[in-house]
């Protein structure tokens, strides 16, 4: 068992007794090809929860500061996370993400850039650039909490967004980011009603 699979099993073992996870739509996840997995962000546990429920290995962008922490900093690279500098254009992180996508793997991204403190989806700051330049389709995902002990947490995967039509008409990165955010909002609207 590699470290990613071990970490996934460990997270599942640790979190499953605390929260009642309901995973919806995981069967829609494309089995191959580059995928940009985009989710809303409501809690610090979102990355491990998405990683735990996604049917494929996810390479997450994580803020650079986390890689400087004593224990976590050593673990993150081993579970396919790579650092990104917040608040500036990080060319190295961009190159890494595009390389992963073009090699047919999955990059996990929280397009809002930071957690939403009130659970309301914020404006997307990124996503379109990577989807267009990384030759990847997009998998929208919504996490519906709140994270309260012994309460249900839904992780809902939507329909993949095909990027070929957007590339063909040379759509802007901003337009694609808006499409991604609208898709996440649609999932939230549909599945938040019946928590």
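Residue numbers (my numbering): 7 to 201.
Glycine included, C-beta positions come from ideal geometry on N, C-alpha and C.
- Going by DSSP, residue 146 is part of the beta strand (DSSP E) stretching over 143–150.
- Residue 37 carries a coil assignment under DSSP once its states are collapsed to helix, strand and coil.
- Residue 30 and residue 162 do touch by the CB rule: their CB atoms are close to 4 Å apart, below 8 Å.
- Per the Cβ contact rule, the segment 35–50 is not in contact with the segment 73–80 (fewer than 3 Cβ pairs under 8 Å).
- Residue 117 sits close to residue 130, with the two beta carbons spaced by under 8 Å.
- In this structure, residue 35 sits away from residue 67, with a CB-CB distance that is not shorter than 8 Å.
- Taking one beta carbon from each stretch, the segment 163–178 and the segment 104–111 have fewer than 3 pairs nearer than 8 Å; the two do not touch.
- Residue 111 is a Cβ neighbour of residue 63, given a cutoff of 8 Å.
- Residue 197 sits in a helix when the DSSP states are folded into three classes.
- Taking C-beta atoms as the reference points, residue 183 and residue 119 fail to come closer than 8 Å.
- Judged by DSSP in its simplified three-state form, residue 160 adopts strand.
- In the DSSP assignment, residue 89 falls outside any alpha helix (DSSP H) and within the unbroken beta strand (DSSP E) covering 88–90.
- Residue 175 carries a coil assignment under DSSP once its states are collapsed to helix, strand and coil.
- The residue among 57, 188, 142 with its C-alpha nearest the C-alpha of residue 168 is 142.
- Residue 187 is positioned such that its CB atom lies closer than 8 Å to that of residue 127.
- Taken through DSSP and simplified to helix, strand or coil, residue 66 comes out as strand.
- In this structure, DSSP gives residue 121 a state outside helix and strand, which the three-state scheme calls coil.
- As the crow flies, the alpha-carbon of residue 91 is around 16 Å from that of residue 113.
- Here residue 112 carries a strand assignment [DSSP, helix/strand/coil].
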